[in-house]
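In the order they appear, the protein sequences are chains A and B.
One point on numbering: in UniProt numbering, the residue at position 167 of the first sequence is 167, and numbering is uninterrupted.
One point on numbering: in UniProt numbering, the residue at position 19 of the second sequence is 19, and numbering is uninterrupted.
One structure is given here, and the rest of the page talks about it.
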Amino acid sequence: MSDVVEKTLTALPSLLSLDSQPGSAKLSSTSKLGALIRGITELTSKHEEEKLIQRELASLKDQVSSPNTSMRQMKEAMVRAIYCEMLGYEASFSYIHAIKLAQQGSILDKRVGYLAVTLFLNENHELLLLLVNTVLKPNVPQRYDTCNTPLVEEKLNHPKEIIRRKAVLALYKFYLIAPNQVQHIHNRFRKALCDKDPGVMFASLHIYLQMIKGYKDLTASFVTILKQVVSGKLPMDFNYHSVPAPWLQIQLLRILSILGKNDQSTSEIMYDVLDESLKRAEINHNITYAILYECVKCIYTIYPKTDLLEKAAKCIGNFVLSSKINLKYLGLKALTYVVQQDPKLALQHQMTIIECLDHPDVIIKRETLELLFRITNAQNITVIVEKMLEFLHQSKDDHTTIDLVGKVAEIAEKYPLQTMNTVFSLGGDMIQPDIPNSFLKLLSEGFESEEENKKLRLFAVDSYILLLEGETRNLPQRFLQVISWVLGEYSHLRNDLDPARVMTLLTKLLEMRQTSSETKTWVLMAMTKLCSGEASVSIARSVCEDLSSSMDTVQRQRAHELLLLSQDRALRSQLLPLCSDPEPLEVDSSLSFLDAFVSEALAAGAAPYKPPHQRQEELAQQKALSLEPYELSLPINMSSSCVTGRQSPTLMSVSSGLSGDSAELSHKGGSTTLKLEGVKRVWGREGYLSKKEPVEEVAQAEIPSPLSSPNQHTGASGTSSNTHPPIPTPEPEQEKQQLASSLFVGLGSQSSLCLVRADIYSTQDVPSHSVAVFQYSLSVIRPVVHFEVMGMLSYQSSHKSHEVEFTYKLPLTNFIRPFTVSTEQYGAMWLAFSNDTKQNLNLVTDGQDSLTDTLNVLKGKLNLHIVEIIGMEGIVACRLAQDQPCLLHCHIHAGTLAVWLRSPVPDLPDSLLYHCQRALEGT
Amino acid sequence: MQFMLLFSRQGKLRLQKWYVPLSDKEKKKITRELVQTVLARKPKMCSFLEWRDLKVVYKRYASLYFCCAVEVQDNELITLEIIHRYVELLDKYFGSVCELDIIFNFEKAYFILDEFLLGGEAQETSKKNVLKAIEQADLLQEVRHKTLRRLKLYSRIGREM
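Printed below as a string of structure tokens:
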């Protein structure tokens, strides 16, 4: 007998050890789960893993649904199912079995069953109801649902603290889900708060944090509890790194800050304990910082007390200056919190803030911006918005971007004008065109109150007048457009403002060299709205005189309108009423109103419209085609959606009907306008002194002295403006003369159409030896294959006047520059450009590497830059002088060079392709 | 707290606990995104992340990342300490815990977490109490198995006798 017992005793440990033991991972490796995990780690590919798991799931499914599976095996299977779910494979078949396990198994099996259920099911799952039934039986109130409140309520009186604690937390969840369901047991919470076990008390704080507002009378109790905790009255168990119950402290501090908010008498009760907490938290450990942070937050939330604030501020200093990045972050966050009350605090830490702004960690940067956002005022707004926009440029995270854009918008609401002004002057001409549009829309449609609107508009007028009186040269064009629109629309609101003064300021803009012709049209529009009163009308007249011969037909038309309307007051007030309500304008983008015209033209034998691409192909087939007719067939800018109303100063409008004769002209002009900017030309008395390599800088100052005198003759208003487009196509003789005049002197006024005055020469005695040099810069606005520059030279010798006309044709290639980019940049740009053309071209087949040879020919003839050549593919880039790139992608396909051109500039790919074709034909 | 994730340096999920109802698809998406973001961060960087409308607090212990998502107004430092306390608990329970312990006994890791955090709130901050609760449950299990075995044993002994 005794040996049997002995045997049993020796066998016992080994039997026991079969079961899982805490603290040993090694043993479980014999289990099925262990086998599964090891199996997975041995696999090499995701695909294999998938196969293995599917097999595992299949066997699991068999196992759980078989009636012979014991609870123990079921438990094991459940663990494996959880594991599979964690790996991201669905094991929904096991859900119901998990509930079954929770229902039927022994306590231990139940535990796994519950675990599986909490992991598998979410609040809305249909099986949850079944689970509630299950939960009602055993006495572990871990799950919650609104219907079993009474049950949990009972548990609040349970002798064991662990169960009381869980019951309180369960009720807390009830409270979060349905606050009114637990209303009747509020006194129970109070009992929990007074529980002798700190754990239960702590659990009850969660509830109080949620519904504390109604319990001001408890302030003293909370303060007492905190006092006890801080002075270490709790059992040592609750210490964490020798700090007494930090979680409890933080929870209490949060509750106190809610209680003391905007309540002086309540706040006074807690000053002492807060002071105590600040003092006690000295040990240099994360947990003390956590308490300190919460303390500072509390001090700044409750009714303020000076010396506490000072201490808290010092405390924040410790955070901000800390070398630990986490503390620095919290310091910034705390600053963000307090600067609203005390912006001066930020001043102390300026340098740190500046450093943090350039911190490599985006999170720190982001928090710093948040801080800056809180201290925005009318003075620093420019810099702050600048920083925010900078960050936005780099940000890749959608959420951050949305948040930050929201912040900028919020600033914009507070300081609408300053912000938008900043955005305009910084973003300059880079910003999307719809931003100024929507800003103007905001101004015109306004906010709720009429009073606000008027204030805002008046403020806009005032600040813009101020801006225009200062230095205007560096303002971006779009901003100038906005300014002129606002002044035109709203300066009448300011009664003491003389329209003539505004007109004079606007005239200044017209005279500026930098002002683009688009902006000028806006300015003219504004003037049209403004010209009332003697003085303004006379200003208008002189402006009109200057511009009526402008080469830009749109400008000319606007000038004409201005002239007519300034004289006809009745018509003007009818056409441009003050403060009209914005009415939606309908624009027929399909241009259907032209249908009749088109069909008429077709009936009369006109050729149907062909897209540029098709024309290009046809051109390639008929190589003999001369270029003049081709040039004419280039697409004409048909932007005839006309809007002359006050509300949308759109620039593309051309045919307003007021001066119908210019409409046709403007179409031609629009397609081939040249902007005389960016290219240097040298002219002499003998004619054109060809200088092939134009310099990019506008060297306008180099006009020699004898010839600068014509400028003086034309008076103050006629200073040189270099944006007059020559028109290449045949036109009435008068047009040509106008073109010539403006091309040469840039005065634009027919009355002063004289280039080389006799008296200049006479002063020099030897006219035949003097050389007059004129320089003009040309830059391309719309690319065409060839540009035609025409001019007329008129001069007087002794008694006769002479006129010499000349024309000169410039191919597009003169304007092409190599564009040096990296392959990455090229790739990024390629995707961004919308205008493209594809074509097959001849290959140069003499050498070995025909692709390289062909590209070199193009490089040599057209001045292109070869970015990279890889195998049968090559990428090439060029640009117009004005930074308008064109990218070429070439690859060899079936014995030809397949070229794909892309550019942001319409027509540039087509025109450039033509030259590529020409360049390769010659070889 | 909204959820807690444990994942390895290779981005393998080791443990997940969600305290807010979310669909499986959503959970997967969040996990993937977060694991990527956290793994991409450099060691010297701040342990806090602003992510969507949440604050993510993460800490790396050896090869494991512990990652918690809390509400924006929550105290980040104390969340960091919650992570640390959990690691302490695991360490105490397993005896110098390693990733393998959590892989092979992940249900235990869950039990410990459940005793420590309930419904996303810290329920018991005393280390001793949490471990006591776990040990009691384990004891229950052992006692049951012991009795079971004894019964079997006795029946065998009985037969032999």
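Ideal Cβ placement from N, Cα and C applies to all residues, glycine included.
In angstroms, rounded to a whole number, what distance separates the CA positions of residue i and residue j?
i        : j        : result
A/Arg80  : B/Asn105 : 11 Å
A/Ile875 : A/Cys886 : 11 Å
A/Asn711 : A/Arg556 : The predicted model places A/Asn711 with a pLDDT of 37, which falls under 50 and marks its position as unreliable; any figure quoted below should be read in that light. C-alpha separation (whole angstroms): 21 Å.
A/Tyr337 : A/Arg558 : 54 Å
A/Trp830 : A/Pro906 : 15 Å
A/Lys75  : A/Tyr826 : 60 Å
A/Thr837 : A/Glu48  : 47 Å
B/Arg14  : B/Leu113 : 13 Å
A/His724 : A/Lys454 : At A/His724 the pLDDT is 40, less than 50, meaning the model places this residue with poor confidence and gives no usable figure here.
A/Lys213 : A/Ile258 : 7 Å
A/Pro235 : A/Lys261 : 31 Å
A/Cys642 : A/Leu392 : The predicted model places A/Cys642 with a pLDDT of 35, which falls under 50 and marks its position as unreliable; any figure quoted below should be read in that light. Near 36 Å, if we compare the C-alpha coordinates of A/Leu392 and A/Cys642.
B/Val130 : A/Asp109 : 20 Å
B/Ser8   : B/Ser63  : 6 Å
A/Ser323 : B/Phe116 : 32 Å
A/Ala832 : A/Ser903 : 9 Å
A/Arg190 : A/Gly199 : 14 Å
Excluding the 5 residues flanking residue i on each side, which residues of the same chain have their C-beta closer than 8 Å to its C-beta?
i        : result
A/Leu205 : Leu193, Leu248, Gln251, Leu252, Ile255
A/Thr823 : Val867, Glu868, Ile875
A/His359 : Lys365, Thr368
A/Leu509 : Leu468, Thr472, Leu480, Ser484, Thr515, Thr519, Lys520, Val523
Could you check whether the Cβ of residue i sits closer than 8 Å to any Cβ belonging to chain A?
i        : result
B/Met1   : no
B/Glu71  : no
B/Thr16  : The question names Thr, but residue 16 of chain B in the sequence shown is Gln. So, interface residue.
B/Gly11  : no
B/Ile46  : The question names Ile, but residue 46 of chain B is Cys in the sequence shown. Yes - at least one Cβ of chain A is within 8 Å of the one on B/Cys46.
B/Phe7   : no
B/Gly158 : Unreliable placement is indicated for B/Gly158, whose pLDDT of 49 sits below 50; the coordinate value is still reported in the next sentence. Answer no: the Cβ-Cβ gap between B/Gly158 and chain A never drops below 8 Å.
B/Ile112 : no
B/Lys25  : no
B/Ser63  : no
B/Arg66  : The question names Arg, but residue 66 of chain B in the sequence shown is Phe. Not an interface residue.
When the cut-off is 8 Å and only beta carbons count, does residue i lie next to chain B?
i        : result
A/Arg572 : no
A/Val789 : no
A/Leu510 : no
A/Val79  : yes
A/Leu115 : yes
A/Val405 : no
Beta-carbon within less than 6 Å of residue i's beta-carbon, same chain only, minus the 5 sequence neighbours each way: which residues are those?
i                      : result
A/Ala312               : Val296, Ile299
B/Met4                 : Lys17, Cys68
residue 931 of chain A : This structure cannot settle anything about residue 931 of chain A, because the visible part of chain A is limited to 1 through 923.
B/Leu22                : none
Would you mind giving the Cβ-Cβ distance between residue i and residue j, rounded to the nearest angstrom? I have them listed as a contact below 8 Å.
i        : j        : result
B/Cys46  : A/Ile325 : 5 Å
B/Gln136 : A/Ala203 : So it is not a contact: roughly 19 Å between Cβ atoms.
A/Glu276 : A/Val230 : 6 Å
B/Tyr58  : B/Gly119 : No, B/Tyr58 and B/Gly119 are not in contact; Cβ-Cβ is about 21 Å, not under 8 Å.
B/Lys55  : B/Val70  : 5 Å
A/Ile316 : A/Gly331 : 6 Å
A/Leu33  : A/Leu43  : Contact doesn't hold; Cβ gap of about 16 Å is too wide.
Using a Cβ-Cβ cutoff of less than 7 Å, which residues in the same chain neighbour residue i once the five nearest sequence positions on both sides are dropped?
i        : result
A/Leu841 : Thr896, Leu897, Val899, Cys916, Gln917, Leu920
A/Tyr240 : Pro246, Ile287
A/Val857 : Val844, Ala919, Leu920, Thr923
Could you tell me whether the Cβ of residue i comes closer than 8 Å to any Cβ of chain C?
i        : result
A/Leu169 : Although the question refers to chain C, the structure presented lacks it and instead comprises the protein chains A and B.
Return the residues of the region 224-236 of chain A that lie within a Cβ-Cβ distance of less than 8 Å from chain B, sorted by chain order.
-> Within the region 224-236 of chain A, the residues whose Cβ lies closer than 8 Å to some Cβ of chain B are Pro235, listed in chain order.
Taking only beta carbons into account, state which residues of the region 247-271 of chain A come closer than 8 Å to chain B, listed in chain order.
-> Those residues of the region 247-271 of chain A placed with their C-beta closer than 8 Å to a C-beta in chain B are Trp247, Leu248, Ile250, ordered along the chain.
May I ask you to list, following chain order, the residues of the region 359-374 of chain A that have a beta carbon less than 7 Å from some beta carbon of chain B?
-> Of all residues in the region 359-374 of chain A, the ones placed with a Cβ closer than 7 Å to any Cβ belonging to chain B are Asp361, Ile363, Ile364, Arg366, in chain order.
Closer than 8 Å, Cβ to any Cβ of chain A: which residues of the region 49-61 of chain B, in chain order?
-> Going along the region 49-61 of chain B in chain order, one finds Leu49, Glu50, Trp51, Arg52, Asp53 with a Cβ nearer than 8 Å to chain A.
Please list the residues of the region 200-224 of chain A that have a C-beta atom closer than 8 Å to any C-beta atom in chain B, keeping them in chain order.
-> Residues of the region 200-224 of chain A whose Cβ lies closer than 8 Å to any Cβ of chain B, in chain order: Phe202, Ala203, His206.
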